[in-house]
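As structure tokens, the structure follows; a few thoughts come after it.
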Amino acid sequence: MKKAKKQEEEFNEELLLKPLPDRKVLAHFHFRSSASLSTSNGGHHHLFPKAISQLVQKFRVKEMELSFTQGRWNYESWGGFDPIPSSNAKPPGVELWAVFDVPQHQIDASWQNLTHTLSGLFCASINFLESTTTYSAPEWSFPPASGNLRYGTLPREAVCTENLTPWLKLLPCRDKAGIAVLLDRPSIYRGFYHSQRLHLTSTGSGSEGMVSGIILEQTLTVVLQPNSQRAGMAYASERHIQPSWSLTSIFGKQVSGTCVLAKSSNVYLLLDRGLVAELEHLHKENEKSAENGFTSQNFWTKPSFELSADPDRIFIEENSLHSKGSSVLYKFQVEKYSESEPFDLSLTWKIPVVWLSQQAPLHASRFLMGSGNERGAIAISLKSTQLSEGFMGANADDERCDLQVNVFQVVPWYVKVYFHSLQVFVNQQPKAISDIIEKIHVSPSKDKVSPGVMEMVLKLPCKVNSAALTIEFDKGFLHIDEYPPDANQGFDIPSAIISFPNFHASMIFLKDDSVNKSPLLSKFQEKSPVMSYTEALLVPLTTPDFSMPYNVITITCTVFALYFGSLLNVLRRRVAEEERFLKEKAAKKTGRLSLLLSKLSAKLRGRQWEPPSSPPASSSFINAKLVFKVILVAGLAVGWQYFFS
Amino acid sequence: MATFINFKALVQLLLLPCLLLCSSIAYNSSSVKATMHTNNWAVLVCTSRFWFNYRHMANTLSLYRTVKRLGIPDERIILMLADDMACNTRNKYPAQVFNNENHRLNLYGDNVEVDYRGYEVTVENFLRVLTGRHETAVPRSKRLLSDEGSHILLYMTGHGGDEFLKFQDSEELQSHDLADAVKQMKEKHRFKELLIMVDTCQAATLFNQLQSPGVLAIGSSMKGENSYSHHLDSDVGVSVVDRFTYYTLAFFERLNIYDNASLSSLFSSYNPSTLMSTAYYRRDLYQRRLEEVPVTNFFGSVMETIHTDAAYKALSRKISDRSESQISLDQSIHREERRMLININVCDEIHDVSTEGQEDDSKCPWSAFYRKMQKIENVDSLVNYGLVAMLPFLVFSTWLFH
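Structural data, given as structure tokens:
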């Protein structure tokens, strides 16, 4: 019994490397731990992180996915059809969705508590997803469709070392041993794209809805630029040759053995369909000049590139659907290597090769239209990718051929979308909505309560070249306290999700035990719909001028000061007195002689001589004296009070 | 009547110090049990957003590195960073933050844990962390779970001014807010000793309103002074560290967890001419002598070890130890120095309080007079006397100005 339990808990580590057409390298780390949830061990585990199992039990999480992403997956050159982009290309920032196994009315509370817990676990502000304005409940367009699903994104969340640290702490060997040693922080974050994902599934509900097992899948996808060692060489052909790389050149580290707790520890090198087809083509041309024919077996043992280590196995994709070619996978077992003989896979190209990655049926992009701070429109444009046309044509023999496209878009409440203004264009011709949209579900936003959610199923004709959806919106106003400190930067509209339910991103390899044993390869064989994310949009909103109140106060005060100042001046000024004062001054200036003259004239006239000093002045002097006295007494009283209190 | 008043006053005067003494003894005896230094916490706050404030984040991370190196574990450090500099698109060195041009030391390291970041760094959250008033859902890693025996280091850096500190360029923390929060912390027994270290312009003004005992404050500059950055890294493109923090680090880089450098040696290490500002220390609320407090009391986590012969007797032994050590004050050996300090402080406090009442009378005759005046029951007569006394003033003044 105990032995069986121990076997249930297992950990696998895998790394997949893949050259990309634009001289970059994709590294995809895949760690999978699984455990049974039983109370027999008192809730303790050997390998499985306790924090995660507690979280699953506390919030009754059925399925959950959390991703931290920086950069944008380049669907055009890195491909959009393989299992890697459809499940690991994520929108920038944080994306979280979770399915709960609780009654409807408790879901929101569970979600809110979950966000707080995750924010503590992963050193991120995931707790901002707690507010009802940031998350939504998609009904059916989001792939793991279920009524108990909640979905939220934070497009502007920074992703850095502090998020990776707790993520690594969930691994039994952390980054001290095994493949995770390669995760050197500066080289990862120097990459063009990195997405760190955590996927939780609790399997098989036993009695009373208690979960019996959890599978934790941690993946890290990085797109790195290898330092080209031949950059200095100036051959014309060298320019087309793909850069050669090794683990040390892209990560600065090498693998010196497995994590001893891991059940399997493998490194894979994947050559995608386009590349394989191109290589086969080149090989054939070479062989034409030579005499001997080739079998596929010896072709792969003498390829046009060199690997530093011999692969332990080569898998070739079983390809019945696509005529393009089948991808090839080289497997390396890390357990063969040790401290003294570290594993450092390197790939050196011998001939220049140019290829294209396989695209999703339609390339989706989203942009803003309109100008000004009042209104605008969001447009989603879908463009047919030339590559996929071939095999789509194969499917489209019959007359009615439809391409189904699901669109899921969440808009924050301050972008007030008018759903009636939805317009559809197919091949640049406006179409009636009912012709194209098969199913639509809209939940309009409520101010400061909930975001606007739009789910649509489009049925496009197979031979469509381009399609576009536009919808108009008004920009709302936030309360002054709700503006973030850098409001001038604009506000984000999270990425929309475009999925193609008729297409499945899967790679089926020859049925074999070793394929089933590898979680990464069995993941590849799962039939998941092709998915892509559009860009996140940046909407400039009217931001309050925070210095405006200050300006208003200053200007008002100036105006008031001027007004009252002049008014008081007018009221207080006594014109007559001033004239007399001037006269007196003038008299003083004339001196003694004039004074005597005036005295004399007064005496001559028989009147009493009046001194120039005016009697009202003396009265005001008396007033001043009175005022002074009052002030003095008051001051004394105040002093008295002050001293004794 | 007069003698009666005197007698009453005398009794009261005698009673007052007695009461104070009793209450202070009661207070001290209650706090004596709690004065055991139990753990160390650090709250490190960078309040500035935007790339050009790189140096503030480097300041905070330098302190983070120092306290981690000196033994405070990550779960007892609350790190608040208002922006993401390490993975900022403008950063030429992703996932790395440097506080020196030579780039020898990556402050961001491999396992940094940031508890509050970005928009979460607000005055509200800061005060919530200090006072411990969180929503129930907030995880433990975001809380300051200190107790009455905790030593807390509170480090803040950003842009400040006269009695305020800016948060994210949109909010302000005022000196009153800080003092209020500290007062609440004291009331809630959330710390034993608190060291507030602030590296902003006019940092000293932020401490003006502090009143709670056990608080020690260091600021990088006095009122009217600026805190300057130390140097510019032309590779990163911005100034990478502030002077005050740079020299603080220079002091700490020489130390390890076993060093016994005192707080006063830290304080005296600041040279106004190199800082280009005057470092300010407020120590009037702090009871212990700075010469005898090792810096690791705040910047590290060095616990006092108590040897016990048997289980469950630790407390009683400790108390008896105390009375013994009080007698043999002079011959205290180095190991017991810290425990002795507590005793000295307790004595000092009691002494201070007991002399307070007498000092009142001898040094301040005015207050004695005031107290007598208070005793006079006939208020009306007092008022009348006052009016009569005012009359000559009035007469004098009218005569003077007539």
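In order, the protein sequences belong to chains A and B. For what it's worth, the numbering used here labels the leading residue of the first sequence as -11, then goes sequentially. For what it's worth, the numbering used here labels the leading residue of the second sequence as 7, then goes sequentially. The beta-carbon is built from N, C-alpha and C at its ideal position, and this holds for glycine as well. Fair warning: this is a prediction, and the values are worked out from it, not measured in the lab.
> With C-beta atoms as the reference, is glutamine 392 of chain A less than 8 angstroms away from lysine 447 of chain A?
Replying inline: Locating residue 392 of chain A in the first sequence gives position 404, counting from the first residue. Locating residue 447 of chain A in the first sequence gives position 459, counting from the first residue. For glutamine 392 of chain A and lysine 447 of chain A, yes; Cβs fall inside 8 angstroms.
>> Under DSSP, the beta strand (DSSP E) around leucine 370 of chain A begins and ends at which residues?
In response: Here the question's residue 370 of chain A lines up with position 382 in the first sequence. Where leucine 370 of chain A is concerned, the enclosing beta strand (DSSP E) stretches over 363 to 372.
>> Tell me which residue opens and which closes the beta strand (DSSP E) that threonine 163 of chain B is part of.
In response: For the purposes of this step, residue 163 of chain B is identified with residue 157 of the second sequence, where counting begins at 1. Bounds of the beta strand (DSSP E) holding threonine 163 of chain B are 156 to 163.
>> If distances are taken between C-alpha atoms only, which option among A/Leu592, A/His182, A/Ala297 comes closest to proline 330 of chain A?
In response: Within the first sequence, residue 330 of chain A is the residue found at index 342, counting from 1. Nearest of A/Leu592, A/His182, A/Ala297 to proline 330 of chain A, Cα basis: A/Ala297.
>> With H, G and I counted as helix, E and B as strand and the rest as coil, what does DSSP make of glutamate 298 of chain B?
In response: Within the second sequence, residue 298 of chain B is the residue found at index 292, counting from 1. Three-state result, glutamate 298 of chain B: helix.
> Name the DSSP bridge partner or partners of tryptophan 47 of chain B?
Replying inline: Taking the first residue of the second sequence as position 1, residue 47 of chain B is located at position 41. DSSP, once it has assigned bridges, lists B/Ile158 as partnering tryptophan 47 of chain B.
> Going along chain B, which residues have a C-beta under 8 angstroms from alanine 165 of chain A?
Replying inline: Sequence index remark: in the first sequence, residue 165 of chain A carries index 177 (1-based). Within chain B, no residue comes near alanine 165 of chain A; the closest Cβ sits about 15 angstroms away, beyond 8 angstroms.
>> Could you tell me the alpha carbon to alpha carbon distance between isoleucine 158 of chain B and serine 152 of chain B, rounded to whole angstroms?
In response: As a first step, residue 158 of chain B is located in the second sequence; it is residue number 152 there, counting from the start. As a first step, residue 152 of chain B is located in the second sequence; it is residue number 146 there, counting from the start. Whole-angstrom Cα-Cα distance: 8 angstroms.
>> Tell me the rounded alpha-carbon separation between tyrosine 234 of chain B and tyrosine 286 of chain B.
In response: Working through the second sequence from its first residue, we reach residue 234 of chain B at position 228. Working through the second sequence from its first residue, we reach residue 286 of chain B at position 280. CA-to-CA, the gap between tyrosine 234 of chain B and tyrosine 286 of chain B works out to about 15 angstroms.
> Mind pulling the chain B residues with CB within less than 7 angstroms of phenylalanine 150 of chain A?
Replying inline: Residue mapping note: residue 150 of chain A aligns to position 162 of the first sequence, counting from 1. According to the sequence provided, residue 150 of chain A is glutamate. The question's phenylalanine does not apply to it. Result: Val118, Glu119, Val120.
>> Quick check: what's the CA-CA separation for arginine 173 of chain A versus leucine 14 of chain A?
In response: Along the first sequence, read from residue 1 onward, the residue named residue 173 of chain A stands at position 185. Along the first sequence, read from residue 1 onward, the residue named residue 14 of chain A stands at position 26. Roughly 16 angstroms separates the two Cα atoms.
> On the premise that leucine 76 of chain B lies in contact with glycine 243 of chain B, defined as a C-beta separation below 8 angstroms, what is that separation, rounded to the nearest angstrom?
Replying inline: On the second sequence, position 237 is the one that residue 243 of chain B refers to. On the second sequence, position 70 is the one that residue 76 of chain B refers to. Under the criterion of beta carbons closer than 8 angstroms, glycine 243 of chain B and leucine 76 of chain B do not qualify as touching, at roughly 31 angstroms.
> Can a CB atom of chain B be found closer than 8 angstroms to the CB of arginine 138 of chain A?
Replying inline: If you number the first sequence from 1, residue 138 of chain A lands on position 150. No, arginine 138 of chain A lies away from the interface with chain B (no Cβ there is under 8 angstroms from its Cβ).
> According to the neighbour-count rule (16 or more other Cβ atoms, all chains shown, within 10 Å of its Cβ), is glutamate 119 of chain B buried or exposed?
Replying inline: Within the second sequence, numbered from 1, the residue matching residue 119 of chain B stands at position 113. Flag for glutamate 119 of chain B reads buried.
> Using a beta-carbon distance below 8 angstroms, is alanine 101 of chain A in contact with chain B?
Replying inline: For the purposes of this step, residue 101 of chain A is identified with residue 113 of the first sequence, where counting begins at 1. The question names alanine, but residue 101 of chain A is asparagine in the sequence shown. So yes, asparagine 101 of chain A belongs to the interface.
> Going by alpha carbons, who is nearest to serine 98 of chain A out of A/Asp332, A/Thr458, A/Phe47?
Replying inline: As a first step, residue 98 of chain A is located in the first sequence; it is residue number 110 there, counting from the start. Checking every option, the nearest Cα to that of serine 98 of chain A belongs to A/Phe47.
> Would tryptophan 628 of chain A be called buried (16 or more neighbouring beta carbons within 10 Å of its own) or exposed?
Replying inline: Within the first sequence, numbered from 1, the residue matching residue 628 of chain A stands at position 640. Classification of tryptophan 628 of chain A: exposed, given that the 10 Å Cβ count is below 16.
> Taking Cβ to Cβ, would you say glutamate 53 of chain A is nearer than 8 angstroms to arginine 178 of chain A?
Replying inline: Counted from its first residue, the first sequence places residue 53 of chain A at position 65. Counted from its first residue, the first sequence places residue 178 of chain A at position 190. No, Cβ-Cβ distance for glutamate 53 of chain A and arginine 178 of chain A is not below 8 angstroms.
>> Cβ closer than 7 angstroms: which chain B residues qualify as neighbours of threonine 209 of chain A?
In response: In the first sequence, the residue the question calls residue 209 of chain A occupies position 221. Those within 7 angstroms of threonine 209 of chain A in chain B number zero; the least Cβ separation is about 16 angstroms.
> Who are the neighbours of aspartate 175 of chain B on chain A, taking C-beta pairs under 7 angstroms?
Replying inline: As a first step, residue 175 of chain B must be located in the second sequence, where it is residue number 169. For aspartate 175 of chain B, the residues of chain A that pass the 7 angstroms Cβ criterion are Pro473, in the order they occur in the chain.
>> Quick check: the Cα distance between valine 308 of chain B and isoleucine 78 of chain B, rounded to an integer number of angstroms?
In response: Here residue 308 of chain B refers to the residue found at position 302 of the second sequence. Here residue 78 of chain B refers to the residue found at position 72 of the second sequence. The C-alpha of valine 308 of chain B lies about 9 angstroms from the C-alpha of isoleucine 78 of chain B.
>> Against valine 144 of chain B, what residues of chain A qualify as contacts under a CB-to-CB distance less than 7 angstroms, listed in chain order?
In response: Taking the second sequence and counting its residues from 1, one reaches residue 144 of chain B at position 138. The CB of valine 144 of chain B comes closer than 7 angstroms to the CB of His104 in chain A, given here in chain order.
>> Less than 6 angstroms between C-beta atoms, sequence neighbours within five positions excluded: which residues of the same chain meet that for leucine 5 of chain A?
In response: Your numbering for residue 5 of chain A matches position 17 in the first sequence. The beta carbon of leucine 5 of chain A sits closer than 6 angstroms to the beta carbons of Ala15, Leu257 from its chain, once the five residues preceding and following it are set aside; these are given in chain order.
>> Quick check on DSSP: helix, strand or coil for tryptophan 128 of chain A?
In response: By 1-based counting over the first sequence, the position of residue 128 of chain A is 140. Residue state for tryptophan 128 of chain A is assigned as coil, using DSSP reduced to three classes.
> On the three-state DSSP scale, how would you describe leucine 397 of chain B?
Replying inline: Sequence index remark: in the second sequence, residue 397 of chain B carries index 391 (1-based). Helix.
> Who does methionine 357 of chain A pair with in a DSSP beta bridge?
Replying inline: Locating residue 357 of chain A in the first sequence gives position 369, where the first residue counts as 1. The bridge partners DSSP lists for methionine 357 of chain A are A/Ala365.
> Just checking my contact of isoleucine 114 of chain A with threonine 103 of chain A at CB under 8 angstroms: how many whole Å lie between their CB atoms?
Replying inline: Counting from 1 along the first sequence, the entry for residue 114 of chain A is found at position 126. Counting from 1 along the first sequence, the entry for residue 103 of chain A is found at position 115. Beta-carbon to beta-carbon, isoleucine 114 of chain A and threonine 103 of chain A are separated by about 5 angstroms, close enough to satisfy the 8 angstroms threshold.
> So valine 129 of chain B is in the alpha helix (DSSP H); what residue range does that whole segment cover?
Replying inline: Sequence index remark: in the second sequence, residue 129 of chain B carries index 123 (1-based). According to the DSSP assignment, valine 129 of chain B belongs to the alpha helix (DSSP H) that extends over 129 to 137.
> From leucine 406 of chain B to leucine 588 of chain A, what distance separates their C-alpha atoms?
Replying inline: Position 400 of the second sequence, counted from the start, is the residue given in the question as residue 406 of chain B. Position 600 of the first sequence, counted from the start, is the residue given in the question as residue 588 of chain A. Roughly 37 angstroms between the two C-alpha positions.
>> Measuring only the C-alpha atoms, how far is threonine 128 of chain B from proline 472 of chain A?
In response: Indexing the second sequence from 1 puts residue 128 of chain B at position 122. Indexing the first sequence from 1 puts residue 472 of chain A at position 484. The C-alpha of proline 472 of chain A is placed about 11 angstroms away from the C-alpha of threonine 128 of chain B.
> List, in order along the chain, the chain E residues whose C-beta lies closer than 8 angstroms to that of arginine 249 of chain B?
Replying inline: In the structure shown, chain E cannot be found, because the protein chains are A and B.
> Shorter than 8 angstroms from the beta carbon of cysteine 161 of chain A to some beta carbon of chain B?
Replying inline: Position 173 of the first sequence, counted from the start, is the residue given in the question as residue 161 of chain A. No, its Cβ sits nowhere closer than 8 angstroms to a Cβ of chain B.
> Along chain A, in chain order, which residues have C-beta atoms closer than 9 angstroms to that of arginine 75 of chain B?
Replying inline: Working through the second sequence from its first residue, we reach residue 75 of chain B at position 69. Under the 9 angstroms cutoff, chain A gives no residues; its nearest Cβ is about 17 angstroms from arginine 75 of chain B.
>> Strictly below 7 angstroms CB to CB, what residues from chain A border serine 147 of chain B?
In response: Walking along the second sequence from the start, residue 147 of chain B turns up at place 141. Result: Gly108.
> For histidine 195 of chain B, which of B/Asp183, B/Pro219, B/Leu85, B/Val103 has the nearest alpha-carbon?
Replying inline: Walking along the second sequence from the start, residue 195 of chain B turns up at place 189. Nearest to histidine 195 of chain B by C-alpha distance, out of B/Asp183, B/Pro219, B/Leu85, B/Val103, is B/Pro219.
> Of all the CB atoms in chain B, is at least one closer than 8 angstroms to the CB of alanine 605 of chain A?
Replying inline: On the first sequence, residue 605 of chain A is found 617 positions in, with the first residue counted as 1. Residue placement at alanine 605 of chain A cannot be trusted, given a pLDDT of 47 that sits under 50; what the coordinates show is reported in the next sentence. With 8 angstroms as the cut-off, alanine 605 of chain A does not count as an interface residue toward chain B.
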